[in-house]
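There are 2 protein chains.
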Amino acid sequence: MATNGTSVRGGQTDNNQPASNVDVLIIGAGPAGIMAAAWMARMGLKTRIIDKRNTKVFCGQADGLNARSLEMLDSLGFGDRAWKEANHMIEICLWNPDENGIIRRSDRVPDTPVGLSRLQQSTLHQGRIERFFLDNIKKYSNDTIKVERGVLPESLEIDQGKVEDQNAYPVTVKLRFLTEEEAAPKQLGGSKVSDGLFRSNLFQEADEDALIKQTYDRAGAGETVHAKYVIGCDGARSWTRTTLGFELEGEATDMIWGVMDIIPFTDFREYTNPELKGWKTDMRLCQADIRCRCAIHSATHGSLMIIPRENNIVRLYIQLVEVKPDASGRADRSKITPELIFNAAKKIIDPYKIDYEVCDWWTAYQIGQRVGTNFDAHQRVFLAGDAVHTHSPKAGQGMNISMQDCYNLGWKLGLVCRGIAQPSILKTYQSERRRVARDLIEFDNRFARLFSGRPAKDIMDAEGVSMDEFKEAFVQGNMFACGLSVDYGPSNLVLKPGDAGEHGDGSDVVPPAVSMSEADFDRKQALAAGIPVGMRFNSFQVLNQSDARPWQFQKRLPADGRFRVVLFAGDVHHAQQKARVEAFCAKLNAPSSFLHRTVGGDGRDGLHSVVEILTIHSAKRWDTELLRDFPEVLHPFRKATGWSYDKVYVDDVSYHEGFGEAYKNYGVNKERGCVVIVRPDQYVAWVGDLEDFDKVQAYFEGCLMLKDYANEVESSVAAIVPGTVAASDNISVE
Amino acid sequence: MATNGTSVRGGQTDNNQPASNVDVLIIGAGPAGIMAAAWMARMGLKTRIIDKRNTKVFCGQADGLNARSLEMLDSLGFGDRAWKEANHMIEICLWNPDENGIIRRSDRVPDTPVGLSRLQQSTLHQGRIERFFLDNIKKYSNDTIKVERGVLPESLEIDQGKVEDQNAYPVTVKLRFLTEEEAAPKQLGGSKVSDGLFRSNLFQEADEDALIKQTYDRAGAGETVHAKYVIGCDGARSWTRTTLGFELEGEATDMIWGVMDIIPFTDFREYTNPELKGWKTDMRLCQADIRCRCAIHSATHGSLMIIPRENNIVRLYIQLVEVKPDASGRADRSKITPELIFNAAKKIIDPYKIDYEVCDWWTAYQIGQRVGTNFDAHQRVFLAGDAVHTHSPKAGQGMNISMQDCYNLGWKLGLVCRGIAQPSILKTYQSERRRVARDLIEFDNRFARLFSGRPAKDIMDAEGVSMDEFKEAFVQGNMFACGLSVDYGPSNLVLKPGDAGEHGDGSDVVPPAVSMSEADFDRKQALAAGIPVGMRFNSFQVLNQSDARPWQFQKRLPADGRFRVVLFAGDVHHAQQKARVEAFCAKLNAPSSFLHRTVGGDGRDGLHSVVEILTIHSAKRWDTELLRDFPEVLHPFRKATGWSYDKVYVDDVSYHEGFGEAYKNYGVNKERGCVVIVRPDQYVAWVGDLEDFDKVQAYFEGCLMLKDYANEVESSVAAIVPGTVAASDNISVE
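The listed protein sequences correspond, in order, to chains A and B. Sequential numbering from 1 applies to the first sequence in UniProt numbering. Sequential numbering from 1 applies to the second sequence in UniProt numbering.
Below you can see the structure in the form of structure tokens.
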């Protein structure tokens, strides 16, 4: 452990090195690192992000975006760019051997289970996704956060005496600037088709070239960085993890797979190829299925997964049954060539023919399933992405889970660093994400076994894999694979019953501010059966009360670091319900309410700058008037900009885009409504009644820093972390 | 006229001036000019676009995007950017005096008529729209087409002896580079709130500053440009129009209006403002309506239009009943101040209160309705936008109609210049667009009269405007205003019966290649009642046959300069229908077919590079296989990229996005289908039966340049204009 005040590597002190302070240092600019940087950009933290590689080479090429990742990108403001360019995977075809051992399409199922999300599994080049991130980071950081490439961390120290001090910079990292030669990853080589590495980021911008040049100009120099927080996103061989003395637990299997990105074609067409004359008509169908995701189990030659991508490219995951690990448990990667891989594919897909002229990329891997022992050190250094979990890439989870790690961490770090939230919430990063990583490995284990296994010949073939079992696992697995089965356990961020350790990864977190029985919880959860506490808030269409514009409600939950209280106000035309709404709002707007006591917000949305209140009512839009029917706290007035017109929505029929039936889909009663707390990452923190304001208050007292109510001066914490006090901008016009 | 070989202005010859050749010179970089440049960029023509103003000032600020404009932007690839940033106007509220003369909301109607388009009327700052265009032009022209600002045309000559020669550069324009001072428009001045001019383009890019600098470095210098074509998009006082000796016909009315962009608010709330205690409850509703478009007729103080915009800004169009033109027919604009305008607004909206702190922009105008006598000279110099039509801005038509002019002209010019289409199609620009301009003036006239008129007190008040009549005109007018009532007359680009002059603007065009009776036409039109010939092809959702992805069909009609034949293949599972499809495809794929004889295409899509064939069938997707059920010409095979998977669609239920019911919505019979020709601007050129291939052939013979069939050598025209021959890339694999 490097946490005892002594660095593990290269710890010599050089007082001539330049030194600087940052809020956050991110090590590694892959999907996890840039997601972290995107959060820091919008949270306004002083941040640096370094990567030892130069920008022009990527080793490996993840490209699956699951539904939840697309929702996250959308919350950051560029989901539309990904959605527009990506290949959408709508349908999966399952191919299995028939009684004669010939593969047949046995099933078609939707890739993303219907109703789970408004977005569906897609594939898009990782280079493009990184481009969207970099554009977004540039915009939100006002061009202050840039990936510094060719920069290597050489030592890391945590000063344990300072980890409780929110003003301190307890982590010291020494950096070295690499030469261009050092920063270029080694090529795999050995193939006439491709060198196995993807060679260029797409659409590289001139300013990045300049930045790289600048780095090389400093080649050989060093720098000392003092950071409040460090995030290690430096991959499966993570330097950060190793330096901290943490490990990955788990092991490699003997399953070896090849991967190829090709533009496939075949030269057969029945009417021109005499060889095919005798084929049954449906023997040619495989060709058409190549634009769907396909899982093909051959009788004896192994399995093949087809993943269609943009521009007619198709990714093939090909089981290499003839390649086995040696005595050390590792396969000799040098013997694996694209020819070997493609020959395996041809055998699996036989009697269909497949060939290609263009191979964009290829690689091979041995399935290994490992999870990190620790995801953080003192809640000051965090590990994310491949640094804490490795698994097979076929389910397209690598990039997704890595991004999702930092989507979970980013806002917590941002809120704590800005003094808005209590530092204890940082403990939930490990408890929430390590649990997800373990679930992922379990899923991957089962899936890999079923997919790599030989299909059972018949019901008596006990060693074979039952194709019915495979289909069932595949469909269930898709729930997991699309990223929407994540269900976070109880903590001060999620108010639900149960043991925090048991529902998390076993580690220590602050328990919920409100304790409740399972029965009490179930009664409240029943108020919004479609909004399960611990899971992400699904999206349905609602209309803006003021201008009738339809919105996917999730669009109103952007990643701006705010918590949200969603008031399902019910039918505000009934006097009794209106009175309930008014009573809730009176408590919400009282001086003692958390809403008037938040600190550290940017003030941009007045009273709503740290916790935004959104309303969805169920009366008819035409019968309802924003100013007449809704208390002011739901649509505050601010000098110069007038009323807020973006806070109150209605579950009504749109002119042009149908009826979202939000109440029905969320499982909320149209008369009485309910109240929901949503975290900045769109996860549901609590569901309750309009009479349960005290629970809402307790929730925010349990996780936010709040001003003292009695004397209304800023608390010491607010004084520590300068920032506009949210409520100060709430100018009254009385 | 400057077309006699002598320039009108500044005609002195300076042999020392640099000279250059371009395909197209665009004069004016407003909405019309940049739309023209966007087409030229994607058609690959050598193009320059100049503007006499520097980029930092815009005089005037159009910001309404109607449904058709949004569809156009989408076809260019950036409709999504506009849609994302714009304020969507969903609902219109009509406010009229009640029996006591107090304004009341009398009606609510959808702004865009339901079912007409998948996109709706929106408002977005012109600066942002221009930004999207400039980004797009940069991308498609590979950064070769840039707006050159501060450049003034000084003379224009057309060499009539060369106008028939497609290789010649018959138009000579002399340019002068302005100083920074010259290029800055005069400020209106005289107001404490704002100088009446919008002061900055948004998000100016560094490279544009560099470009301006470069222009100023050349200040005072001149240049001679020889152009094949010139497009004058230089506004209501068009230098190009004046130089050609053409005029605007029509006159100014005595109706004067003010315009203000403000963030409105009011200080009244019933429970805090004693003044309002006596008000009826619904008296406060106006406040809520301010995020809807509102047309307010006051009893005696004139009318007011509310146009909500982005960022809580609202545009007010305010009738100035107290300002009258003088004896010369012109109002003295110097006396009009924002205070005068806003006072008029307050009177109209009384008894409601309105005020503001932020005024972003203001102006005033006198309604004048004029149409140009000529839209082109020798089909070598064209006029577009305000240069050939002026009208009142309230209906939000200015920018839309201007962009739509050049959307109509751009592809025609591009196809002719590249030798793909016959030069005669250029005549349809005037006949089609001058007709639209005249319809616009007629609409504007009626609308302005009804909207500026005093409301009738009762049914006996003959001088007043009936509010029922107004509503009817308003709703009908919306059809026009959303840009979807345009119906082009017969020509070699639109196969329908009738007199081309009568259905156009009276000018001469090449008549349809196929003559037909009204009855014959109606019988064919009935095959696709929802796809009227002469109007734009509406959009409904279909699924890609190969991967089940849902598409708005209009997304498959991008602005890439291609005509399209849409084969509604019907139920291909019936043997008889399948035989009809095969017979049609056999003719389509015969060596004599237009498809094999096009010239000048870029070859990027093989056989489909000039005319793309798209199929929508009505069988079930799961029962149908791309390779088994559809002839190859509908999804051609190309070496290296394999089969085309983006050509065949199905009218079936999607997993996640419902059922588009395309056949039903297009009015096409699900068994027998039909065939539709679509122009590169998404307008419908012809509808017929699968047996009517000869009509399809005749259509393309009537407008495209085709290779000689007999000896299969390139025609002289193809030789003149170098370019990849489309069919050459259609490599067979037999």
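The beta-carbon is built from N, C-alpha and C at its ideal position, and this holds for glycine as well.
Selection B:P497, B:I256, B:W239 evaluated against L248 (chain B) yields B:W239 as nearest (Cα-Cα). Proximity of Y655 (chain A) to chain B, defined by a Cβ-Cβ separation below 7 Å, is satisfied. Using a Cβ distance threshold of 7 Å, G606 (chain A) and P636 (chain A) count as a contacting pair.
The C-beta distance from I27 (chain A) to P153 (chain A) rounds to 6 Å, short enough to meet the 8 Å contact threshold.
When only Cα atoms are considered, K347 (chain A) and R291 (chain A) end up about 20 Å apart. The C-alpha of C482 (chain A) is placed about 25 Å away from the C-alpha of V668 (chain A). F540 (chain A) is not a Cβ neighbour of I616 (chain A), given a cutoff of 7 Å. The distance from the Cβ of I307 (chain B) to that of C703 (chain B) is about 40 Å, inconsistent with a contact at the 8 Å cut-off. Counting along the chain, R449 (chain B) sits inside the alpha helix (DSSP H) bounded by residues 427–452.
In the displayed model, C417 (chain B) falls within a helix according to three-state DSSP.
Under the DSSP definition of a beta bridge, G232 (chain A) partners with A:I27, A:L383. Within the region 287–322 of chain B, the complete beta strand (DSSP E) runs of at least 3 residues fall at 293–297, 303–308, 314–319. According to DSSP, M260 (chain A) shares a beta bridge with A:L316, A:W362.
DSSP places E157 (chain B) in the strand class (E or B) of the three-state scheme.
For I90 (chain B), the secondary structure class from DSSP, reduced to helix, strand or coil, is coil. None of the residues of the region 337–354 of chain A has a beta carbon lying less than 9 Å from any beta carbon of chain B.
By the Cβ-count criterion, Q319 (chain B) is buried, with 16 or more other Cβ atoms from all chains shown falling within 10 Å of its own Cβ. Nearest CB-CB separation between P631 (chain B) and chain A: not below the 7 Å threshold. In this structure, DSSP gives L152 (chain B) an extended state, which the three-state scheme calls strand. Ranking A:S303, A:L409, A:M89, A:A252 by CA distance to the CA of N478 (chain A) puts A:M89 first. Annotation: G561 (chain A) to S491 (chain B) spans about 59 Å, alpha carbon to alpha carbon. By the C-beta criterion, the region 691–701 of chain B is judged not to be in contact with the region 415–435 of chain B, since fewer than 3 inter-stretch pairs fall below 8 Å. By the CB criterion at 7 Å, T123 (chain A) and D74 (chain A) fall outside the cutoff. Taking C-beta separations shorter than 8 Å and ignoring five residues to either side along the sequence, the partners of V678 (chain B) in its chain run F537, L557, F563, R564, V565, V566, V684, A685, following chain order. Scanning the region 514–571 of chain B from its first residue to its last, the whole alpha helix (DSSP H) runs of 4-plus residues come out as 518–525. For D332 (chain B), the closest of B:G660, B:D254, B:G77 by C-alpha to C-alpha distance is B:D254. For the region 66–91 of chain B, the set of positions with a beta-carbon nearer than 7 Å to some beta-carbon of chain A reads D80, K84, H88, I90, E91 in chain order. Where L614 (chain B) is concerned, the enclosing beta strand (DSSP E) starts and stops at 611–617. Counting other Cβ atoms within 10 Å of its Cβ, W362 (chain A) reaches 16 or more and is therefore classed as buried. By the CB criterion at 7 Å, A41 (chain A) and S141 (chain A) fall inside the cutoff. Rounded to the nearest whole angstrom, the CA to CA distance from D98 (chain B) to Q545 (chain A) is 25 Å. The region 429–447 of chain B makes contact with the region 370–377 of chain B; the number of CB pairs closer than 8 Å reaches 3 or more. Taking C-beta separations shorter than 8 Å and ignoring five residues to either side along the sequence, the partners of I531 (chain A) in its chain run F537, N538, Y666, G667, V668, V676, V684, V687, following chain order.
Any Cβ of chain A closer than 7 Å to the Cβ of E582 (chain B) would place that residue at the interface, and such an atom is absent. A Cβ of chain B is located within less than 7 Å of the beta carbon of R549 (chain A). Between the alpha carbons of F443 (chain B) and V147 (chain B) lies a gap of roughly 34 Å.
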